[in-house]
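Residues -21 to -1, 1 to 132 in mature numbering (1 follows the signal peptide of the UniProt record, and there is no 0) are what the sequence shown spells out, letter by letter.
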Amino acid sequence: MKFGTHVLAASVIALGLAGCAAPGGPNETGGTIVGGVLGGALGSQVGGGSGRTVATVIGALIGANIGANVGRSMDGNDRARTAQVFEAAPTGQPTQWVNPDTRNQFEVTPTRTYESAGAPCREYTMKAVIGGRPDDVYGTACRQPDGSWKIMN
């Protein structure tokens, strides 16, 4: 299988997992999708032949689980702070905070800014410590017509 086929397979797996995660809310679903696709893409770089396919599936499952955990752990304050980072933080500058209620820690760094369909978009990394366990999430968010930010992948 070629790299593109592995990414497609990972996307299908992640979307399927996102359907299972929907009761947890949009943050968990978005985290599941982003984590699954990235995990599958990373897994597709391991081994060859059927071993590569297995690595892609395992990577997608692990990535989806990590992304869902981060998305599930974010409350309204964390979502608002993340949107503030997307709106105002310079590319490459990390913004950190600790949620006073949950004690979860977040660090969001915009890594690239570009325009898509006339709207600003930001690729980003998020390092989170949820319940003492570190997780990393990578994604893209774009500003919507109403001014909110939406995770795109």
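Even glycine gets a Cβ: it sits at the ideal position worked out from N, Cα and C.
How is T74 classed by DSSP in three states: helix, strand or coil?
To locate residue 74, count along the sequence shown from 1; it is residue 95. T74 falls in the strand class under three-state DSSP.
For R122, which residues in the same chain have their Cβ closer than 7 Å to its Cβ, ignoring the five residues on either side in sequence?
Here residue 122 refers to the residue found at position 143 when the sequence shown is read from its first residue. Cβ within range, chain order: A98, P99 and W128.
Quick one: residues in its chain with C-beta nearer than 7 Å to the C-beta of N78, no 5 flanking neighbours on either side, listed in chain order?
The residue you call residue 78 lines up with position 99 of the sequence shown. Same-chain partners within the cutoff: D54, N56 and D57.
With DSSP run on the structure shown, which of helix, strand or coil describes G118?
Within the sequence shown, numbered from 1, the residue matching residue 118 stands at position 139. Here G118 sits in strand by DSSP.
Starting from R101, follow its DSSP beta bridges and name the residues at the other end.
As a working note, residue 101 is residue 122 in the sequence shown. Answer is T92 and A120, bridged to R101.
When you compare only the Cα positions, how much space is there between E102 and A96?
Taking the first residue of the sequence shown as 1, we reach residue 102 at position 123. Taking the first residue of the sequence shown as 1, we reach residue 96 at position 117. C-alpha separation (whole angstroms): 15 Å.
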